[in-house]
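Asks:
Right, here's the structure in full:
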């Protein structure tokens with residue numbers, strides 16, 4: 052990420068979305084009564100990739116808008132307006148795909164139920180957190196001059 056964005060602050064901001072997602076996944080595991088297991092850890096890994104991708108979509112689009120001449124607030128609002136739909140579509144598709152896994156709908160699939168539960172719960176909370184907190188942190192911390200130098 053540091054190589055891609057040439058800015059450690061932006062890279063850390065993107066990685067900040069992972070703990071936000073873990074909160075949602077942990078709440079889901081507590082609510083359902085699952086314990087930490089290998090399938091749950093696999094769910095956390097899946098979740099990290101999807102949520103980081105969502106944060107990259109938002110921030111990269113905002114950076115492009117800043118380089119096109121908008122201020123950082125307008126750029127992030129435009130990024131939210133245009134990129135919310137793809138972010139939500141990704142979250143919905145992964146959640147819908149994980150429903151049979153979370154329910155343990157087939158023989159042998161009940162062992163992977165924590166993976167599905169972690170993925171669904173983490174995506175619901177993590178997507179919301181990514182669409183709310185990442186833009187706020189971006190607006191507060193990023194300096195437009197640094198973006199224009201990239």
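In our numbering, the protein residues as written are 52 to 201.
Ideal Cβ positions, reconstructed from N, Cα and C, are used throughout, including at glycine.
Keep in mind it's a predicted model, so treat the numbers as computed, not measured.
Beta-carbon within less than 8 Å of residue 173's beta-carbon, same chain only, minus the 5 sequence neighbours each way: which residues are those?
Replies: Excluding residues within five positions, the ones whose Cβ falls inside 8 Å are 72, 73, 75, 76, 79, 94, 95, 98, 102.
Asks: Starting from the C-beta of residue 146, find all residues in its chain whose C-beta is less than 8 Å away, skip the five residues before and the five after it, and write them out in chain order.
Replies: Only 170, 171, 174, 175 meet the Cβ criterion.
Asks: Using a Cβ-Cβ cutoff of less than 6 Å, which residues in the same chain neighbour residue 114 once the five nearest sequence positions on both sides are dropped?
Replies: Correct list, in chain order: 198.
Asks: Let me know the secondary structure DSSP gives residue 88 once reduced to three states.
Replies: DSSP places residue 88 in coil when its eight states are reduced to three.
Asks: Should residue 148 be labelled buried (16 or more other beta-carbon atoms within 10 Å of its own) or exposed?
Replies: Its Cβ having fewer than 16 others within 10 Å, residue 148 is exposed.
Asks: How would you write the range of the alpha helix (DSSP H) that residue 174 sits in, first residue to last?
Replies: 164-192 is the extent of the alpha helix (DSSP H) around residue 174.
Asks: Decide if residue 154 is buried, meaning its Cβ has at least 16 other Cβ atoms within 10 Å, or exposed.
Replies: Residue 154 comes out exposed.
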